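Worksheet: the structure to be examined is printed underneath.
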């Protein structure tokens, strides 16, 4: 499964190769997806290559080859403009899962990754959280929050919110492209995203570089039988 940004970039590369006979430059890709830096494009390229959708041809500049397209996709030019991460739920809960919330993929508790935006599972949260439609869940990948008791493989339950108090653990969207689970600290006009593991550095951003996408309210840990 591709994330929305990965699919958007793949379609853009495909259309440009079909039109011009050469893949677009990183600057052109950055502009088309309206990302803040070329490093974001590099991460998307690596992800597409790892999933077998493209390959980089050695010893040639601007040399990308599209190997396959997502199923049931008709290539078109991608929409322009920023699209903030907003997890989208597909499908509905069965009666047996009444009161459950959607698990919308994985969230990094370490090096940020782009959040997956489609329902992959459902989980019943602890009681007392209120309306399940105001919550979503993500599986934790990484170990940067272990000192806060959040381990890789845990399911974190989050309440939709675009604001948080200093000290809250949140899903933060960084530069409109990466989502990560961190403790938020407000320091003057800056925002710090703190890990709960001394092996990871605190990252500092300007207020326009980070958007809160949800606040941690509960955690579900599954154990193998």
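Residue numbers (the working numbering): -17 to 207.
Beta carbons: idealized from backbone N, C-alpha and C, even for Gly.
The structure presented is a predicted model; accordingly, all values stated were derived computationally and were not measured.
N-terminal and C-terminal residue of the beta strand (DSSP E) that residue i is part of
| i | result |
| --- | --- |
| residue 154 | 151 to 156 |
| residue 47 | 46 to 48 |
| residue 21 | Residue 21 -> not in any beta strand (DSSP E); alpha helix (DSSP H) instead, spanning 20 to 32. |
| residue 201 | 192 to 202 |
Residues bridged to residue i [DSSP beta-bridge criterion]
| i | result |
| --- | --- |
| residue 39 | Answer is none; residue 39 lacks a bridge partner. |
| residue 187 | 173 |
| residue 160 | 156 |
Cα-Cα separation between residue i and residue j, rounded to whole angstroms
| i | j | result |
| --- | --- | --- |
| residue 139 | residue 102 | 14 Å |
| residue 121 | residue 30 | 21 Å |
| residue 130 | residue 178 | 6 Å |
| residue 63 | residue 19 | Because the pLDDT of residue 63 is 42, which lies under 50, any placement of that residue in the model is unreliable, and the number read from its coordinates should be weighed accordingly. In a straight line, the C-alpha of residue 63 is about 14 Å away from that of residue 19. |
| residue 188 | residue 161 | 16 Å |
| residue -5 | residue 86 | 27 Å |
Presumed contact (8 Å Cβ cut-off) between residue i and residue j, rounded CB distance
| i | j | result |
| --- | --- | --- |
| residue 166 | residue 155 | Between residue 155 and residue 166 the Cβ distance is about 12 Å, and since that is not below 8 Å, they are no contact. |
| residue 153 | residue 89 | 6 Å |
| residue 47 | residue 37 | 5 Å |
N-terminal and C-terminal residue of the alpha helix (DSSP H) that residue i is part of
| i | result |
| --- | --- |
| residue -12 | -14 to 2 |
Contacts around residue i, its chain only, beta-carbon distance under 7 Å, and the 5 residues preceding and following it disregarded
| i | result |
| --- | --- |
| residue 52 | -16 and -11 |
| residue 81 | 106 and 114 |
Cutoff 6 Å; reference residue i; Cβ partners in own chain excluding five residues on either side
| i | result |
| --- | --- |
| residue 157 | 18 and 191 |
| residue 22 | 159 |
| residue 185 | 175 |
Close Cβ partners of residue i (< 8 Å) along its chain, the five nearest in sequence each way excluded
| i | result |
| --- | --- |
| residue 10 | -2 |
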